[in-house]
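Participant:
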Amino acid sequence: MLQSKDTNRISEIKTQFDSKENITLRFLNWLSFFEFKSVYKTLNPLKKKGFKVSDLLGMLLVVPFTGKTNMYSLLQSSSAPGIARKDSFYRMKKMHDINWEKLLFAFAGRFVKICLAKGTGTAPGHRMLIIDDSLLPKSGTMMENISRLWDHVSMRYVLGYRMLVLGYFDGKSFLPVSFSLHREKGKREASPYGLKRMEYQGQYHKERNRESPAGKRTAEMDKDKITTAIRMIKQACGSLQVDYLLMDSWFTCEKMLACAHSVKVKLIGMMKMGNARYLFRGKEYTAKELIVLLKKEQKRCRKLAAMYIEVPLFYKGYPVKLFFSKFGRNGNWQLLLSTDLNAGYLKTVERYQVRWSIEVFFKESKQYLKIGKSQAADIGAQFADITISMIQYILLTLRKRFGEYETKGAVFRDAEEKLKDLTLDQRLWGLLLEMVKLIVEILGLPLDDLDQFMTNLIQENKVKKLLKLHFSV
Numbered sequence: 001m002l003q004s005k006d007t008n009r010i011s012e013i014k015t016q017f018d019s020k021e022n023i024t025l026r027f028l029n030w031l032s033f034f035e036f037k038s039v040y041k042t043l044n045p046l047k048k049k050g051f052k053v054s055d056l057l058g059m060l061l062v063v064p065f066t067g068k069t070n071m072y073s074l075l076q077s078s079s080a081p082g083i084a085r086k087d088s089f090y091r092m093k094k095m096h097d098i099n100w101e102k103l104l105f106a107f108a109g110r111f112v113k114i115c116l117a118k119g120t121g122t123a124p125g126h127r128m129l130i131i132d133d134s135l136l137p138k139s140g141t142m143m144e145n146i147s148r149l150w151d152h153v154s155m156r157y158v159l160g161y162r163m164l165v166l167g168y169f170d171g172k173s174f175l176p177v178s179f180s181l182h183r184e185k186g187k188r189e190a191s192p193y194g195l196k197r198m199e200y201q202g203q204y205h206k207e208r209n210r211e212s213p214a215g216k217r218t219a220e221m222d223k224d225k226i227t228t229a230i231r232m233i234k235q236a237c238g239s240l241q242v243d244y245l246l247m248d249s250w251f252t253c254e255k256m257l258a259c260a261h262s263v264k265v266k267l268i269g270m271m272k273m274g275n276a277r278y279l280f281r282g283k284e285y286t287a288k289e290l291i292v293l294l295k296k297e298q299k300r301c302r303k304l305a306a307m308y309i310e311v312p313l314f315y316k317g318y319p320v321k322l323f324f325s326k327f328g329r330n331g332n333w334q335l336l337l338s339t340d341l342n343a344g345y346l347k348t349v350e351r352y353q354v355r356w357s358i359e360v361f362f363k364e365s366k367q368y369l370k371i372g373k374s375q376a377a378d379i380g381a382q383f384a385d386i387t388i389s390m391i392q393y394i395l396l397t398l399r400k401r402f403g404e405y406e407t408k409g410a411v412f413r414d415a416e417e418k419l420k421d422l423t424l425d426q427r428l429w430g431l432l433l434e435m436v437k438l439i440v441e442i443l444g445l446p447l448d449d450l451d452q453f454m455t456n457l458i459q460e461n462k463v464k465k466l467l468k469l470h471f472s473v
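Just so it is clear: in the sequence shown, position 458 is 458 by the UniProt record's numbering, and no numbers are missing.
1. Which residues does DSSP pair with His-182 in a beta bridge?
2. In three-state DSSP terms, what is Lys-94?
3. Ordered along the chain, which non-local residues of its own chain (more than five positions away) have a Cβ less than 7 Å from that of Ala-219?
4. Is Tyr-193 near Ala-377, with beta carbons less than 9 Å apart?
5. What separation, rounded to the nearest whole angstrom, lies between the Cα atoms of Glu-284 and His-261?
6. Taking only runs of the alpha helix (DSSP H) that begin and end inside the UniProt domain "Transposase IS701-like DDE" (123-275), which ones reach a length of at least 4 residues, in chain order?
7. How far does the beta strand (DSSP E) with Ala-306 in it extend, from its first residue to its last?
8. What's the call for Glu-207, buried or exposed, on a 16-neighbour Cβ count within 10 Å?
9. My output table needs one value for Arg-300: the three-state DSSP class, helix, strand or coil.
10. Ala-116 and Gly-167: beta carbons closer than 9 Å?
11. Can you give the Cα-Cα distance for Gln-353 and Gln-334, rounded to whole angstroms?
12. Pop quiz: Lys-185 and Tyr-161 are said to be a contact at Cβ under 8 Å. What is the actual Cβ separation, rounded to whole angstroms?
13. As a quick exercise: from Arg-197, Phe-111, Ser-180, Leu-181, pick the residue whose alpha carbon is nearest that of Arg-188.
14. If I measure Cβ to Cβ from Leu-104 and keep anything under 6 Å in the same chain, skipping five residues before and after, which residues do I get?
15. List the DSSP bridge partners of Ser-325.
16. For the pair the region 247-261 and the region 270-279, tell me if three or more CB-CB distances fall below 8 Å.
17. With 16 other CB atoms within 10 Å as the buried threshold, where does Gly-274 fall?
18. Measure the C-alpha to C-alpha separation of Glu-144 and Ser-212 and round it to an integer number of angstroms.
19. Using C-beta distances below 6 Å, list every residue in its chain close to Phe-310, excluding the 5 sequence neighbours before and after it, in chain order.
20. Is it right to say Glu-254 is buried, meaning 16 or more other beta carbons lie within 10 angstroms of its own, or is it exposed?
21. To the nearest angstrom, report how far apart His-182 and Leu-136 are at their CA atoms.
22. Take Ile-226 as the anchor and find which of His-96, Val-177, Met-163 has the nearest alpha-carbon.
23. Could you check the C-alpha separation between Ser-178 and Ala-214 for me, to the nearest Å?
24. Measure the Cβ-Cβ separation of Ser-357 and Phe-111 and say whether it is below 9 Å.
25. What number of angstroms, rounded off, separates the C-alpha of Leu-56 from the C-alpha of Met-256?
26. Which residue or residues does DSSP assign as beta-bridge partners of Glu-284?
27. Hey, could you find the ends of the alpha helix (DSSP H) Lys-102 is sitting in?
28. Applying the 10 Å Cβ sphere with the 16-neighbour rule, what's the burial state of Pro-319?
29. Output the boundary residues of the alpha helix (DSSP H) element that contains residue 534.
30. Can you list, in chain order, the residues of its chain whose CB lies under 7 Å from that of Ser-19, leaving out five sequence neighbours each side?
31. Where Ile-233 and Gly-331 are concerned, what is the direct C-alpha to C-alpha distance, given to the nearest angstrom?
32. Going straight from the alpha carbon of Asn-342 to that of Lys-316, what length do you get?
33. Once you ignore the five residues that flank residue 474 on each side, which residues in its own chain have a CB closer than 6 Å to its CB?
34. Is the separation between the beta-carbon of Ala-305 and that of Phe-280 shorter than 9 Å?
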């Protein structure tokens with residue numbers, strides 16, 4: 001609990017700011033200008049001994065835009081004299097009663113409503129949910145529910161959490177709307193969760209009410225990602241307008257098709273060229289068998305410099321359309337599945353490419369907003385820190401969307417630098433992806449998995465540095 005020694009209310013800090021160093025105050029006023037206070041109602045029941053938790057959250061959101069590295073350095077500065085003890089903020093992050101998931105979704109929902117109210121909403125056909133995961137490496141075996149996970153980029157086991165993220169693209173902006181953390185038990189009983197027995201027994205542990213928000217999310221760490229993803233998708237579709245659901249080959253499965261059908265959205269996902277069987281003209285075929293059967297029906301897409309085969313059929317009882325693509329003379333066939341039977345090859349591929357926006361989000365939120373960098377032992381604090389970083393990302397996205405409405409000032413200098421990098425990256429990645437396609441076509445390079453290749457490319461720091469060095473934007 002927040003203790004009584006913390007008696008100053010953050011809502012009274014206006015009189016404590018120096019007139020020349022009121023960055024934090026102006027940022028809080030900016031939040032109020034965009035009416036974000038309405039989403040704080042999820043926190044109002046948690047008033048503790050002189051502090052409103054919503055005020056504490058406002059201070060946590062401000063930190064990266066003040067030039068300070070953490071809350072402690074901000075509280076020590078002359079910009080925030082005597083606001084609160086740092087322990088107040090740490091205790092808030094560990095509260096099991098705060099519904100961080102609901103808070104993040106409220107911010108994302110408010111963003112969408114503001115865009116509609118300002119007349120910048122998107123027409124039907126461009127609103128998409130994207131599901132994907134990313135590894136959050138950690139350095140301490142004592143962290144709660146930590147495990148060793150296989151990293152497909154470095155091709156080795158890494159200590160950390162697997163973060164599953166559901167993102168929303170409204171035609172112009174990408175928003176994180178929900179996430180979960182997962183651990184993996186592993187196959188060896190002698191090494192539970194990939195840890196030595198002593199490491200596992202030495203992990204931080206905290207008793208929680210199983211029905212509390214923190215209790216439910218902690219228990220969810222042992223559930224499979226498909227089940228959790230379906231829960232998040234159904235929750236999002238209950239409040240957001242969604243046309244398409246995008247995913248890579250790991251998530252595309254019968255359960256996801258059933259989920260998309262139940263929420264009445266169209267699914268576009270990569271499929272592996274494996275042993276899955278598809279019903280075509282009364283007979284079942286594998287992907288490779290279909291390519292041989294339909295070889296004469298190949299077409300060329302000039303815009304994407306690709307050969308493709310388009311075929312409507314049935315998969316697991318659902319009517320779908322398969323798109324086989326081959327980039328370059330020696331390229332390997334890639335397989336894309338869509339439940340939109342009316343869309344052609346080019347339109348389907350263009351829609352699917354929106355999926356890479358979540359890869360850019362992973363890259364940039366880790367770099368600029370330090371998502372996943374928390375070393376807190378309490379898993380509740382891990383959920384809190386990730387949520388705060390995602391809300392900061394939403395605020396920056398709103399700042400970009402409605403730049404003409406803001407009052408310019410020192411409060412935005414650091415924010416604008418972050419925003420400049422985020423905007424620049426989106427433009428550079430778009431250029432890079434087009435260049436890669438062209439190079440693959442000209443040189444006839446074989447790529448076993450173009451989707452995974454693009455994902456790895458986005459995560460590579462050297463590529464970004466070279467782009468910024470050689471291209472002026």
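Heads up, the beta-carbon is just placed ideally off N, CA and C, and yes, glycines get one too.
Facilitator: Considering the structure as presented:
1. Arg-162
2. helix
3. Arg-210
4. no
5. 22 Å
6. 197-201, 213-220, 225-237, 254-262
7. 306-315
8. exposed
9. strand
10. Here residue 116 turns out to be Leu, not Ala, going by the sequence shown. Going by C-beta atoms, Leu-116 is not nearer than 9 Å to Gly-167.
11. 14 Å
12. About 14 Å separates the two Cβ atoms, so there is no contact after all.
13. Arg-197
14. Thr-387, Met-390
15. Tyr-308, Gln-334
16. yes
17. exposed
18. 17 Å
19. The sequence as given places Glu at residue 310; Phe does not occur at that position. Excluding positions up to five away in sequence, the list reads Phe-323, Tyr-345.
20. exposed
21. 10 Å
22. Met-163
23. 15 Å
24. no
25. 39 Å
26. Leu-279
27. 100-117
28. exposed
29. The first residue shown for the chain is 1 and the last is 473, placing residue 534 beyond what the model contains.
30. For Ser-19, the predicted model reports a pLDDT of 37, less than 50, meaning its position is unreliable and no value from the coordinates is stated.
31. 34 Å
32. 20 Å
33. Missing from the structure shown is residue 474; the chain here goes from 1 to 473 and no further.
34. no
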